[in-house]
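Here's the structure, in structure tokens; my notes come after.
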Amino acid sequence: TGISDGIIASEASNNANIGGSLITMMAFGIPGDAVTAVMLGALIIHGIQPGPLFVTSNIKVAYGMLAAYFIAHFLTVVIEAICLRLFIKVITVPLNTLVPAVLVFCVVGSYALNNIMENVYTFLIFGLLGYFMVKSGFPLAPMVLGVILGDQIEVNLIRAIMTDANPWLFLTRPISGTLLVLAALSFFLAIYQERRYLRTAKNAAEFPA
Numbered sequence: 001t002g003i004s005d006g007i008i009a010s011e012a013s014n015n016a017n018i019g020g021s022l023i024t025m026m027a028f029g030i031p032g033d034a035v036t037a038v039m040l041g042a043l044i045i046h047g048i049q050p051g052p053l054f055v056t057s058n059i060k061v062a063y064g065m066l067a068a069y070f071i072a073h074f075l076t077v078v079i080e081a082i083c084l085r086l087f088i089k090v091i092t093v094p095l096n097t098l099v100p101a102v103l104v105f106c107v108v109g110s111y112a113l114n115n116i117m118e119n120v121y122t123f124l125i126f127g128l129l130g131y132f133m134v135k136s137g138f139p140l141a142p143m144v145l146g147v148i149l150g151d152q153i154e155v156n157l158i159r160a161i162m163t164d165a166n167p168w169l170f171l172t173r174p175i176s177g178t179l180l181v182l183a184a185l186s187f188f189l190a191i192y193q194e195r196r197y198l199r200t201a202k203n204a205a206e207f208p209a
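Residue numbers (our numbering): 1 to 209.
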């Protein structure tokens, strides 16, 4: 609506979930959003494994991250107050100028990671995949979470199979069985809600009030 109170309220609630996402990432190794998923990937690249033992085994990193977040809140207020007019001008930059510049930095960054072209090819492949996903209406966050958590899932799956080769292991154990049931319910609930929304929109179009 353009009312400043409404904008402040929505943005405050949007930023308030960052702390919760950071806690789950540090304590359980499960990112709560795309930002913490990228942070999780960066930690894993540097040989730091978030999880239940993260705080005890990497206490300096853990408290350093918390201190950085605490300081960032105050710095954000100062920087926004000083540079707000400049930030507003950034959104007026034409896309035909902004996109090539961002693309160049992304290519340079992916190559500089290990100094091999395979990283650049991987970046281009997933970049095209993300582009077509956005054009098709698919959210990017689930794909990012899958890429980041895929390695951990594979390692723990192999570990569980080595412990017990029973294929029904994940369904017979109460914790894993409950999590699988909840995951299945959330999947089918999302499909149901999407179809219900489309059906409601179709009925509204056919029989306008």
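Yeah, the Cβ is synthetic: ideal placement off N, Cα and C, and Gly gets one too.
Limits of the alpha helix (DSSP H) - the one that residue i falls within
| i | result |
| --- | --- |
| residue 73 | 59 to 90 |
| residue 151 | 141 to 163 |
| residue 44 | 34 to 45 |
| residue 138 | No alpha helix (DSSP H) contains residue 138, which DSSP labels as neither H nor E. |
| residue 198 | 174 to 206 |
| residue 31 | Premise fails: residue 31 is in no alpha helix (DSSP H) and is neither H nor E. |
| residue 109 | 95 to 114 |
Counted within 10 angstroms of its Cβ, other Cβ atoms place residue i as buried (16 or more) or exposed
| i | result |
| --- | --- |
| residue 75 | exposed |
| residue 36 | buried |
| residue 162 | exposed |
| residue 40 | buried |
| residue 50 | buried |
| residue 54 | buried |
| residue 117 | exposed |
CA nearest to the CA of residue i, picked from the options
| i | options | result |
| --- | --- | --- |
| residue 123 | 147, 106, 11 | 106 |
| residue 43 | 32, 58, 104 | 58 |
| residue 119 | 110, 10, 97, 53 | 110 |
| residue 45 | 148, 8, 178, 5 | 148 |
| residue 21 | 145, 61, 96 | 145 |
| residue 14 | 104, 32, 153, 116 | 32 |
| residue 18 | 174, 196, 70 | 70 |
| residue 30 | 194, 195, 152, 188 | 152 |
| residue 25 | 197, 52, 183 | 52 |
| residue 63 | 27, 187, 38, 87 | 27 |
| residue 126 | 113, 143, 135, 114 | 143 |
Supposed close pair residue i, residue j - CB separation, criterion 8 Å
| i | j | result |
| --- | --- | --- |
| residue 160 | residue 169 | 6 Å |
| residue 16 | residue 141 | That belief does not hold up - the Cβ atoms of residue 16 and residue 141 are roughly 18 Å apart, past 8 Å. |
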